[in-house]
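Just below is one structure, and these are the notes that go with it.
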Amino acid sequence: MQLAEMNWCQVAALSKDTPLVFPVAAVEQHGHHLPLYTDSFLLGEIVRRVEVAVGDRIALAPLQWLGNSDHHLDFPGTLSAPPRSYLDLLGALIENGLMHGFRRIVFLNGHGGNDVPGRQAVFEARQRHRQRSDLLLLFATYWQLADLGTDDASKFRQSQMGHACEWETSMILRLNPRWVGKIDALEPVEHRGAFEPASRAWITKDITVKGHIGEPSAATAEKGEILFRTFAEGAVRMLERVVAWDGRSWKG
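Written as structure tokens, this is what we have:
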């Protein structure tokens, strides 16, 4: 059910065991060929499919388009909440949900830059409410919730999510090919850094001039449908576990 379509009396009447889901994404550069709203478009489609599958068992907040995108600010059009401000924003949303009585709060994320502050936000909230044993606070990035099967994975050049890459470009092609610019001449940009597994501080222009990371030239709409189906199914499985949680135990 969509929180935005309800009145406050209807929200108050919900079971407080109803998972409250905050979709969080971004508005930022996606290379020469994809729109600024790519992450939000993609997460919006994941959420649409999740709602069809899960229905009235979860409450979906409106998609939060502002994300932590400071690393993309050298590219015009990017809009960003700095990491600490973004952490505070997510923390405030958690407190809003708790004030209204919800006990199961889930962030469904569609932008890699949100991952670190998002994990920190749920960690800090758990410390603030450490006396409670009835809370489930989760931060989950949709492409980490399911792996491509062997047969599907063999159809892709990339083995992981990049940025404005084969995966994201394929999904935008599946949504609306008119949003995609020319990709045939775009050269691949390597994902991995020379110092892995160490975590190196970076900004996007350290890695890429045009703004993409990965192989957008390999994208197709058919691959996009595979990705949407895989990731939506992964998100549904995770939310089914949240719905089924007994409200007490550590294990879901």
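Take 0 as the starting number for the sequence shown in numbering that gives the first Met the number 0 and just add one per residue. For glycine and all other residues, C-beta sits at the position ideal for the given N, C-alpha and C. Treat the numbers as computed from the prediction; the structure is a model and nothing was measured.
- Under the three-pair Cβ rule at 8 Å, the region 188-198 does not count as touching the region 62-69.
- By the neighbour-count criterion, in which 16 or more other beta carbons inside 10 Å mark a residue as buried, residue 159 falls on the exposed side.
- DSSP places residue 102 outside both helix and strand once states are collapsed to three, so it counts as coil.
- Between residue 168 and residue 218 a beta carbon distance of about 4 Å is seen, short of the 8 Å cut, so the two are scored as contacting.
- Residues of the same chain with a CB within less than 7 Å of the CB of residue 72, apart from the 5 flanking positions on each side, are 79 in chain order.
- In this structure the region 86-93 does not touch the region 45-52; the number of beta carbon pairs closer than 8 Å is below three.
- Secondary structure note for residue 116: its alpha helix (DSSP H) is the uninterrupted segment 114-127.
- Nearest in C-alpha terms to residue 4, of all of 55, 143, 165, 128, is 55.
- With fewer than 16 other beta carbons inside 10 angstroms of its own, residue 122 counts as exposed.
- With a contact defined as Cβ atoms closer than 8 Å, residue 173 and residue 227 qualify at about 6 Å.
- Looking at 210, 57, 249, the one whose alpha-carbon comes closest to that of residue 15 is 57.
- Per DSSP, reduced to three states, the secondary structure at residue 175 is coil, with no helix or strand assignment.
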